[in-house]
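Residue numbers (UniProt numbering): 1 to 1163.
Written as C-alpha cells, this is what we have:
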C-alpha cells in the first residue's frame, strides 16, 4: 500500500482527502497540538503533531514536516493552499527526501513565486505588464522614493506573498512608510520571506485570473477565467466563473498568454495567472500562484475537470488526458467565502469562538460546501477565519445567484459572528446582479461600511407578525404547565387580551413600534393583525428547527430563530441579518417610556482592540506622552496585523504586558477586548420543568420529582389527544375513541433508533446521536417502562464523581463527565432559558486502606492516573487523598437528567411510556427457512422490531420497526437482552448478558459533632462510603460490595430498607474511621438497584458480535452516573463514525467474554 501525506489544514485537507478516498492509499495529515476536533484528522488514517498552534512553530517548520514524512514513510505530499505550498526550498527538500511533491517543480516555483523575478519572465514571454519598479525594495525610505518615481497610488506587496497577505495600497508618503513596515512584518510571519516590491496601482480595476494546467510533457491548457473582483483588504470574498465582463476573444488572448508564461518556465501542475483588467478590457499581468487556489471549485463546476485529481496524475508523470478543445463552459458557478468575521467592522474583522450549532445548506440544488469543520469546532486566532467555501452552480448566472441567495438563507452558524449578512445582501444588490463590479465594489456600494439591510414597510410588518406569532406560541406553551384539560391553542387564549406592541429595529431610522393582535393560532398556521393589516402565516413554527420556511400572505419567507424568551426578546435572522425584536404586552410597552436609558461607556480615552488577537509589539512606555493618532501597539489576528492608535493626547499610566501575548493588555488607555457572544445549541423546549422548588436535603428523591414527572406526562398526553381529536373532527370521523387516537399518535410505527431505558444512559445516547444528526427524517425514540422513574438508579443513586480506577478508560470516562458537568450550560442550555441547577460541586475524595496490601493496591491505581497526567497524587501508607478536586465532587443527578431530557425533546427525541415485552426477527435471506435445518436458521435472522405494551391504555402490545436497538435498561438490561434472544440461543447467542439487579442503600444521618463542611468524600476499602450533605450536620452514607463480600445478607427482590444492615455493615466502619460518628441518628433512608455485571464487575458497552444493530450500555456496577455520558458518546461514534473517537471503549465489548478475558478494576 502506498502512503500519502497532506501538510495542510481544515478545508484544504478535507478537499484533498475526499479525492484521496477514491484511491486505495493511506492518508496522513499534519496538524499542530490538539488536532482531534478537526474533521480531516478524524477521517485520515493517521495525524502527526508538528508543534504548537502558531504557524511559525508548526506549518512553517520544514524540518518538522520532513522529519514526519521520513518517520511515516510517506511517498507523496500535497501542500494545500498556503504556508509552504509555494516554497521552492520545501519542494526541493521533499524531492531530495524521495517524496513526490504534488505541485510544480521547485524551479518553476522559484521563478513564479518570486514576484520580482516573475515580472521579468512575464516580460520575456510577452505578457502584458503593469508599470513598476523592477527589483527588490529594501526599506521604507526606498519605498517612498520608488513610489514618487512611479507616481501614486502604488501597491506594495510581498515578493513571496499571496492571499492578500503582505499587501498594502499607499496614496502618499506617510501611508507608504507605514504600509511598507506592516506588510514586511506580515510577509515574514506568513511566508518566512520579507522581500518587498512596489508597482503602479491601477485604480478601479477588475481582478480576473486564468486557471492553467501543464504536464511534464510540454502540454498546457487553460480552464477559463474566474472573476475575483469583490475583495476586502485585498482578500477575495466572492468569486464566480466565468466572468460576466470577459468576451470570447478576450478569454482566448488571456488563456494564450497564461499558457505561454507557464510553458516559458517549464511549469508542470495546476497554476493560476492573475490579471488586472481596466474598463476598456485591457489586461495586465499581476502574478502567478503556483498552487491550487482556494476558489478552484467554481472552475471544476463549469468545466467538469477535477483539479486535485489532475494534480495527482501529473505529479506521477501522466500526460493531460484532455485537450484545449475539450474544455467547456457549462453554466455558471459562484463561490462565497463564509468567514468567521464581523461584517459590520471594516467588512469583516475576525471573530473567534466555538461553533455551538452548524448546519450546511446542502439541500439546495447545485450547492457544494468545502469545509473542514463541524458543530463543536473552534475558530482560533492563529489561522484564517474561513469556515466554508459555499459554491452554487446553475445553468446561467441568474440561477446561480438565486441558489446562492437561498443557500445563505438556510446556512445555520451559531457561536461565532460570520459574514453571511454581507454575502446575502450582495446576492440581491442591483449593481452586483448586473455584473458591474470592480475591486472597489464594497467601498463604493457601502461607503459608510456595511450596516445591514434596509427593511421595506412590508418586510417590517412581516417581521413583526412572525415575531408576535413566535412569542405567543412560546407564551401559550409556558402557561399550559398546570393540569388543565384545554387544548394548547384555544381561541380563548389568544383573543382579546393577547395584544402586543412589537418594536422593530432599523438601520436607517429609529425603532418602529407596531400593534399586534394574534387572532388564531394552530400548529401549522397563524393569523396576526399588525397595524390593522391581517397577516396569514402558513408553516410550522417549530422551535427545534433553526430554519423556518414560512409563507406570509402567500409569499415565501425564510427566517432563522436565534432566540426567544419570556421577557419578549425575539431574535430572528432575515436575509442573513440579525433582528432583535421586542414583543411586550400593551401595558408593559406603555411603561417602557418611563425607564431610564442605559448608561453608555465613555470610550474617548479607551483604545479598543477591534478583534481578539496576539499583541506583537508595544510601542509606548510608562510615563510616555502620546499624541492623537500615535501608534500604541500592534495586534496580529488570523495572520493579519493591525495598528492600534491613541484616540487623543495623553500620558501612559501603566504597561502590563509585553509583546507576543494574547490581547488582554491594560495601559493608561485600557485595551478592551470585546467579549465573545455565546450562542447555545438547540431550540425552545415544549414546557419548562418546575425543578426549582425548595426541598429538604434528607427528603426522599422520589418525592421530589413525582409531581414534576406526573405533570410532564399528563400535559404531553393531553396535547396529543387534543391534536388528534381535532384532526378527526375536521375530517368527520368521530367514531374512533379518543384514547385510541392518543395511542396511535403517541407511538410511532417505525423509527431509526430505538433506545430501551429512559434513565441517564438512554437519554445520553439519544442526546449525542441527535446532536450529530438533527434531520427530522432520523426518528429516535426512548422507551421507558418506569414512567415515574420510581426505581431508577439515575434518580435514587447518590450523584458522585471520582477518578480512583485502575483501568485508564474508566479514568478518562470520569474526566469526560467532569468536563461535561463544568460546561453543562454550553451543552444543555436551551436558548435563553435557565438550566436546571445541576450544581456540580468539587469535593476531594479520600480513599482509605486498612493494611499495607491495600495501600499498595491504591498506589498501583495512582500510577494509572498519573500516566495520563490527569492530576497529581499524594500517597500515604494508609490513605490516598485525590488532590485533583476539580474533577471529583457531587452533583444533583435528577437535575442533570431533567436537563438532558428537556434538551432531547427540543432535538426531536420521542419518549414513550411503555413496557418492552419482546422482539421480532426477520429473515436476512428469504430462502433460508426452506433450505436450512432449524439449528442453522438463526444465522439468517436479524432483529427488526421491538414489541411494547403502552401504559395507561387498553391497546394491545404492538411492534415498532427500528434499524438500531440500544439496550440502556440499567438493572433490567439483562432481562431485556434475554428477550432479544441472548443467552437462550445457539453458539454466539448462547452467551447471556450477565447483568443482574443488586440492591444498594443510601442513609441520611445527623451527627451534631461530625466533621465540618470541608470533609472529603470518604471511601473505605470495605466498600463503605460517606460524605457531607449540605448544612445542618447531615451526612449521607452507604456501602458498595467489596471483592470478598458476597452480599448474601441483602434481599434483592424488593427495595425495602433493612436498617439492621446499617447497624451491622456501615456504622462500625464509620465509627472506627470517624470517632464522632459513634453518636448519630438516621433521618432518612432508601434503596435502589445497581446494574451489576457478574462476569467481571465492569460495564458492557458496544455492539453485539452477531447482531450488529444491537448495542448494549449497562452493567456499570453502580457507576452509571459517572460513565453514562461518555458511554453514550461512544455508542454514537460507533454507530455514525464506525469507530470510537473520544475514548477507546473496545475493551468493554461483549467480545471479552468470548475470549475469556476479564477486565480487572478495583474502584
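All C-beta atoms, glycine included, are put in the ideal place defined by N, C-alpha and C.
Expressed to the nearest angstrom, what Euclidean distance is found between the alpha-carbon atoms of residue 255 and residue 73?
If I take the Cα positions, the gap works out to 39 Å.
Locate the alpha helix (DSSP H) running through residue 142, then write down its first and last residues.
First-last of the alpha helix (DSSP H) with residue 142: 140-150.
What residue from 902, 525, 532 has the CA that sits closest to residue 551's CA?
Closest option to residue 551, Cα to Cα, is 525.
If distances are taken between C-alpha atoms only, which option among 1087, 920, 1040 comes closest to residue 1058?
Of the candidates 1087, 920, 1040, the one whose C-alpha sits nearest the C-alpha of residue 1058 is 1087.
Per DSSP, what are the beta-bridge partners of residue 1088 in this structure?
Residue 1088 pairs with 1000.
With DSSP as the reference, label residue 968 as helix, strand or coil.
If DSSP states are grouped into helix, strand and coil, residue 968 belongs with coil.
Hey, would you say residue 262 sits closer than 8 Å to residue 102, going by beta carbons?
No, these two residues do not count as a Cβ contact at 8 Å.
Taking the alpha-carbon positions, what's the residue 172 to residue 183 distance?
Each residue's Cα considered, the two are about 16 Å apart.
At 3 residues or longer, what runs of the beta strand (DSSP E) sit wholly inside the stretch 540-603?
With a minimum length of 3 residues, the continuous beta strand (DSSP E) runs that stay inside the stretch 540-603 are 547-552, 555-564, 569-574, 577-585.
In its own chain, which residues sit with a C-beta less than 6 Å from the C-beta of residue 100, not counting the 5 before and 5 after it?
Result list for residue 100: 76, 315, in chain order.
Between residue 14 and residue 393, what straight-line distance do the alpha-carbon atoms span, to the nearest angstrom?
Caution applies to residue 14, whose pLDDT of 43 falls short of 50 and renders its modelled position unreliable; the model cannot decide the point.
Excluding five sequence neighbours on each side, which residues of the same chain lie with their C-beta closer than 7 Å to the C-beta of residue 436?
Excluding residues within five positions, none has a Cβ falling inside 7 Å.
With respect to the beta strand (DSSP E) encompassing residue 427, which residues constitute its N-terminal and C-terminal limits?
From DSSP, residue 427 is part of no beta strand (DSSP E) but of the alpha helix (DSSP H) over 420-427.
Kindly identify the DSSP beta-bridge partner or partners of residue 841.
Answer by DSSP bridge pairing, in chain order: 890.
In chain order, what residues of the same chain lie with their CB nearer than 8 Å to the CB of residue 824, ignoring the 5 residues before and after it?
Correct list, in chain order: 835, 838, 840, 896, 899.
If residue 242 sits next to residue 225, beta carbons under 8 Å apart, how far is it from one beta carbon to the other, in whole angstroms?
6 Å between Cβ atoms; contact.
Is residue 1145 near residue 809, with beta carbons less than 8 Å apart?
The answer is yes: Cβ separation under 8 Å.
Can you tell me which residues form a DSSP beta bridge with residue 231?
According to DSSP, which records beta bridges pairwise, residue 231 is partnered with 236.
Please return the same chain residues whose Cβ sits closer than 6 Å to the Cβ of residue 281, not counting the five positions on each side in sequence.
The residues are 250.
Given a cut-off of 8 Å on the beta-carbon distance, is the pair residue 270 and residue 213 in contact?
Yes, the Cβ-Cβ distance between residue 270 and residue 213 is below 8 Å.
Is the beta carbon of residue 422 closer than 8 Å to that of residue 500?
Taking 8 Å as the Cβ cut-off, residue 500 and residue 422 do not qualify as a contacting pair.
With distances taken Cα to Cα, identify the nearest neighbour of residue 403 among 434, 336, 977, 343.
When each option's Cα is compared against that of residue 403, the closest is 336.
Span of the alpha helix (DSSP H) holding residue 296?
Where residue 296 is concerned, the enclosing alpha helix (DSSP H) stretches over 296-303.
Tell me whether the beta-carbon of residue 320 lies closer than 8 Å to the beta-carbon of residue 221.
Yes.
Tell me which same chain residues have a C-beta within less than 6 Å of the C-beta of residue 560, skipping the five on either side of it?
Cβ within range, chain order: 546, 547, 573.
Sorted by chain position, which residues of the same chain lie with C-beta nearer than 8 Å to residue 179's C-beta, five sequence neighbours on each side aside?
Answer for residue 179: 156, 168, 169, 170, listed in chain order.
How big is the Cα-Cα spacing for residue 154 and residue 583?
The straight-line gap from Cα to Cα measures roughly 53 Å.
Report the residue from 300, 761, 523, 531 whose alpha carbon sits nearest the alpha carbon of residue 512.
Taking only the C-alpha atoms, the option nearest residue 512 is 531.
For residue 50 and residue 71, what's the separation of their Cα atoms in angstroms?
Computed Cα separation, rounded: 12 Å.
Using a threshold of 8 Å, state whether the C-beta atoms of residue 412 and residue 358 are closer than that.
Contact flag set, yes.
Can you say whether residue 695 is buried or exposed, counting buried as having 16 or more other CB atoms within 10 angstroms of its CB?
Any reading at residue 695 needs caution, since the residue's pLDDT is 34, under 50, leaving its predicted position unreliable; the model's value is listed next. Per the 10 Å Cβ criterion, exposed.
Where DSSP assigns a beta bridge to residue 157, which residues make up the other side?
According to DSSP, which records beta bridges pairwise, residue 157 is partnered with 167, 197.
Inspect the beta-carbon positions of residue 1061 and residue 964 and report whether they are closer than 8 Å.
For residue 1061 and residue 964, no; Cβs fall outside 8 Å.
What is the C-beta distance between residue 143 and residue 198, in whole angstroms, given that I count them as a contact (C-beta under 8 Å)?
With a Cβ gap of about 6 Å, residue 143 and residue 198 count as contacting.
Between the Cα of residue 611 and the Cα atoms of 345, 240, 1105, which residue gives the shortest distance?
Looking at the Cα atoms, 345 is the closest of the given residues.
Where does residue 1108 land, buried or exposed, given buried means 16+ other C-beta within 10 angstroms?
So residue 1108 ends up on the exposed side.
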